[in-house]
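J.: Take a look at this one; I'll ask things after.
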Amino acid sequence: MKIVPKACAVLGLSVFAGGSWLSAQSSPTTSQTMNPPSAMKSQSDTDKIIATVQQVATAMERGDLAAALATYEPNAHLVVQPGQTVSGPALGEALKGFIAMKPKFTMNKHDVVISGDIALHISPWSMEATDPASGAAIKGGGLSLAVLRHQADGRWLMVTDNPYGGAVLAPPAN
0 MKIVPKACAV
10 LGLSVFAGGS
20 WLSAQSSPTT
30 SQTMNPPSAM
40 KSQSDTDKII
50 ATVQQVATAM
60 ERGDLAAALA
70 TYEPNAHLVV
80 QPGQTVSGPA
90 LGEALKGFIA
100 MKPKFTMNKH
110 DVVISGDIAL
120 HISPWSMEAT
130 DPASGAAIKG
140 GGLSLAVLRH
150 QADGRWLMVT
160 DNPYGGAVLA
170 PPAN
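For the sequence shown, the residue numbers in numbering that gives the first Met the number 0 are 0 to 173.
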């Protein structure tokens with residue numbers, strides 16, 4: 000048994016190890032996956048947050064700009080490439096560019112951390128699309144980091160959407 004999980008078992012704590020939350024009652028060979036304590040606010044809120052992120056992807060796949068924009072707060076920011084953000088009308092123009100590529104997105108895993116009326120959504124994603132100018136196939140992917148805010152009507156809307164969150168992990172260019 001590793002020292003950290005053993006110490007946590009003695010103290011009755013949970014620890015995040017190897018991509019899973021291990022409870023004090025878990026053994027190293029039969030660990031159980033748990034929600035991190037901060038995400039246990041409400042499963043309903045977690046589901047709404049994931050649905051918001053999935054809505055923007057499916058809206059772009061359908062070519063529905065209005066539905067995609069409906070997932071963002073009015074002053075939201077979108078990272079269109081590492082180091083470059085847009086907001087306001089430019090956010091809509093950027094989404095039009097993505098829609099023109101007729102993308103098909105895959106997001107199989109979601110991690111949500113909720114703190115009051117703010118949430119962080121993390122998800123690896125991949126995309127297959129078509130370059131509208133040349134017809135060439137495009138494949139892409141990354142790590143999406145989205146910050147959402149709980150609205151008075153119960154919805155969760157994106158404040159910041161960074162589909163290139165993993166870019167900070169890339170090795171520096173030589």
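Note that beta-carbon positions come from the ideal geometry of N, C-alpha and C, so glycine has one too.
1) Look up Q83 in the DSSP assignment and give the residues it is bridged to.
2) Where does S30 sit, in a helix, a strand or coil, going by DSSP?
3) Considering only their Cβ atoms, is the gap separating E127 from K103 smaller than 8 Å?
4) Assuming P171 is part of the alpha helix (DSSP H), what are its boundary residues?
5) Please list the terminal residues of the continuous alpha helix (DSSP H) segment that includes A56.
6) By alpha-carbon positions, which one of L142, D152, V146 ends up nearest to G165?
7) Starting from the Cα of G189, find the closest Cα among D116, E92, G115, A135 and give me that residue.
8) Consult DSSP for H109 and reduce its assignment to one of helix, strand or coil.
9) Have a look at the DSSP bridge pairing and note the partners of G140.
10) Using 10 angstroms around the beta-carbon of I167, count the other beta-carbons present and answer buried if the total reaches 16, otherwise exposed.
11) Grab the span of the alpha helix (DSSP H) containing P88 for me, first residue to last.
12) Is it true that the CB of V146 sits closer than 8 Å to the CB of I48?
13) Cutting at 7 Å between CB atoms, please list the residues of its own chain near E60, excluding the five before and the five after it.
14) If you draw a straight line from the C-alpha of V83 to the C-alpha of G115, how long is it?
15) I'd like the list of long-range same chain contacts for I98, defined as Cβ closer than 7 Å, with 5 residues on each side in sequence excluded.
T.: This is what the structure gives:
1) Paired residue(s): Q80.
2) Note that S30 scores a pLDDT of 28, beneath 50, so its modelled location is shaky and nothing firm can be said.
3) Using a Cβ distance threshold of 8 Å, K103 and E127 count as a contacting pair.
4) Under the DSSP assignment, P171 falls outside any alpha helix (DSSP H); it carries neither an H nor an E label.
5) Element bounds for A56: 42-61.
6) Comparing Cα positions, the closest option is L142.
7) With the chain covering 0 to 173 only, the question about residue 189 has no answer from this structure.
8) Looking at H109 - three-state DSSP - the assignment turns out to be coil, as it is neither helix nor strand.
9) Its beta-bridge partners are S125.
10) Position check: residue 167 holds Val in this sequence, whereas Ile was assumed. Burial call: exposed.
11) For P88, the enclosing alpha helix (DSSP H) has its first and last residue at 88-99.
12) No; because the gap between Cβ atoms is not below 8 Å, this pair is not in contact.
13) Excluding positions up to five away in sequence, the list reads P102, K103, F104.
14) The identity of residue 83 in the sequence shown is Gln, whereas the question assumes Val. Rounded to the nearest angstrom, the two C-alpha atoms are 28 Å apart.
15) The beta carbon of I98 sits closer than 7 Å to those of M59, G62, L64, all from its chain and outside the five residues before and after it, given in chain order.
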